[in-house]
Amino acid sequence: MTITQLYYVLAVAENQNFTKAAEKCFVTQPTLSMQIQKLEDELDIQIFDRSKKPIELTDVGRKIVTQARNIVNESYRIQDIVDQQKGYIGGEFKLGIIPTVMPTLLPMFLKTFIKKHPKVKLKIEELTTEEIITRIKEGHLDAAIAATPLEDDSIKERVLYFEPFVCYIPQGHRLYTNKKIDVSDLDINDMLLLEDGHCFRDGVINLCKVFKNHSDDQFQIESGSIETLVKLSNEGLGMTLLPYLHTLDINEKEKENLHYFNEPSPAREVSIIYHKSELKIQIIETLQDVISGIIRGAIAFQDVKIISPLPKK
């Protein structure tokens, strides 16, 4: 049994196709198939049910894949140990970022990070929290930036910053004349929300549930982007809540519609998260330092109350 064979097994399990798996592993399909067949012969079991289209794991195959993932990930630690010993910060680093953080935070730190650490090849994807958790556990992401706490024992979290919620209230809305907003003023039934799957949406719903201003009816208007919510709000279709960093980029006229909460302001905790195995920890720590240093100048709020990104049962 070799680590290479286990790596091939993981590739087939992920792609459910021998040809695609071989392409991902940069080997020929016969080479990959032969190595997997040798492993199955050695173990005297079938890892894959080849009669199914697409290919499926057998019951024992699923257990083997779980263990193979642990072994392959641990094998990467050898190179990781060497890199840390040498103080080397470089190589490919796969980073996921949730959609409500990506457009505001990425432009703030990316240029600085690349300039300081040119040997790191960042591969960045915009992903939902659910997708991020799955990919970190499967070893397809080295780290991610997401709203926390996630309450997952297999994932570690390092807080980067606390981002307050800000009300965006158009003229004519019942709360427009209020200088400050109290959480008890909110009513989910006249609020524009992000589509299901966004953790910021869950945070808003959790905030409103505190005061029971929430119905189980389907919400009338939902959108996939915060920019669209602002435009809809400008049309008088309701108020919305924005993460603080999003308010820095809106125009002067729209800033007249911003209303801040009474303290403690509801806020979300944004962290860099990674697998408990702590692979590539030197790059994770470097990212944390760069982002934390930049964000301190942008968010000066101190008295905040963290709202969970997890949907309440």
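Numbering-wise, the working numbering comes out as the position in the sequence shown, counting from 1, plus 1234. We put the CB at the ideal spot given by N, CA and C, even for glycine. Bear in mind that the values here come from a model prediction, so they are computed numbers and not experimental data.
Q: State the CB to CB distance for the pair E1360 and P1333, rounded to an integer number of angstroms; the pair is presumed to be in contact (CB under 8 Å).
A: About 5 Å; that satisfies the 8 Å criterion.
Q | At least 3 beta-carbon pairs within less than 8 Å: the stretch 1503-1522 vs the stretch 1381-1396 | A | As far as the Cβ criterion goes, the stretch 1503-1522 touches the stretch 1381-1396, which means the pair count is three or higher.
Q: Report buried or exposed for L1279, applying the criterion of at least 16 other Cβ atoms within 10 angstroms of its Cβ.
A: The displayed chain sequence assigns Ile, not Leu, to residue 1279. Here I1279 is exposed: its Cβ has fewer than 16 other Cβ atoms, across all protein chains shown, within 10 Å.
Q. Among the residues of its own chain, which have a CB less than 6 Å from the CB of K1353, if the five just before and after it don't count?
A. Excluding sequence neighbours, K1353 sits near G1324.
Q. Should K1446 go down as buried or exposed, given a rule of 16 or more other Cβ atoms within 10 Å for buried?
A. Note on K1446: pLDDT 48, under 50, position unreliable in the model; no value is reported.
Q: Inspect the CB distances between the stretch 1467-1484 and the stretch 1404-1411 and report whether three or more fall short of 8 Å.
A: These segments touch.
Q) Hey, would you say I1367 sits closer than 9 Å to L1329, going by beta carbons? A) Cβ distance not < 9 Å, so I1367 and L1329 don't count as in contact.
Q | Residues near T1292 by beta carbon distance below 8 Å, same chain, minus five either side | A | Only residues of its own chain outside the window of five on either side were considered, and among them I1279, Q1280, I1281, F1282, D1283 have a CB closer than 8 Å to the CB of T1292, listed in chain order.
Q: Given a cut-off of 9 Å, decide if H1493 and Y1410 are closer than it, judged by their beta-carbon atoms.
A: Yes, these two residues count as a Cβ contact at 9 Å.
Q. Would DSSP call N1251 helix, strand or coil?
A. Note: N1251 maps to coil in three-state DSSP.
Q. Using the C-alpha atoms, what's the distance from A1302 back to I1289?
A. Cα to Cα, the separation comes out at about 18 Å.
Q: Taking 9 Å as the cut-off, decide whether the C-beta atoms of L1384 and P1543 are in contact.
A: With contacts defined by Cβ atoms closer than 9 Å, L1384 and P1543 form a contacting pair.
Q) Is I1484 near A1377, with beta carbons less than 9 Å apart? A) Not in contact: I1484 and A1377 (Cβ atoms no closer than 9 Å).
Q: May I have the straight-line CA-CA distance separating T1362 from I1331, to the nearest angstrom?
A: Looking at the two C-alpha atoms, the distance is approximately 8 Å.
**Q.** Assumed close pair G1472, M1425 - CB separation to whole angstroms, cut-off 8 Å
**A.** For G1472 against M1425, the beta-carbon gap comes to about 6 Å, under 8 Å, which counts as contact.
Q) What's the C-alpha gap between E1248 and K1254? A) Inter-residue distance for E1248 and K1254 is about 10 Å (C-alpha atoms, whole angstroms).
**Q.** Three-way DSSP call (helix, strand, coil) for M1425 in this model
**A.** Note: M1425 maps to strand in three-state DSSP.
Q.
Measuring alpha carbon to alpha carbon, tell me which residue in I1415, E1364, Q1263 is nearest D1386.
A. Looking from the CA of D1386, the closest CA among I1415, E1364, Q1263 belongs to E1364.
(Q) Run through the DSSP bridge pairs and tell me what V1294 is partnered with. (A) V1294 is not bridged by DSSP to any residue.
**Q.** Selection from V1246, P1264, Q1269 that minimises the alpha carbon distance to K1258
**A.** Ranked by Cα distance from K1258, the options V1246, P1264, Q1269 are led by V1246.
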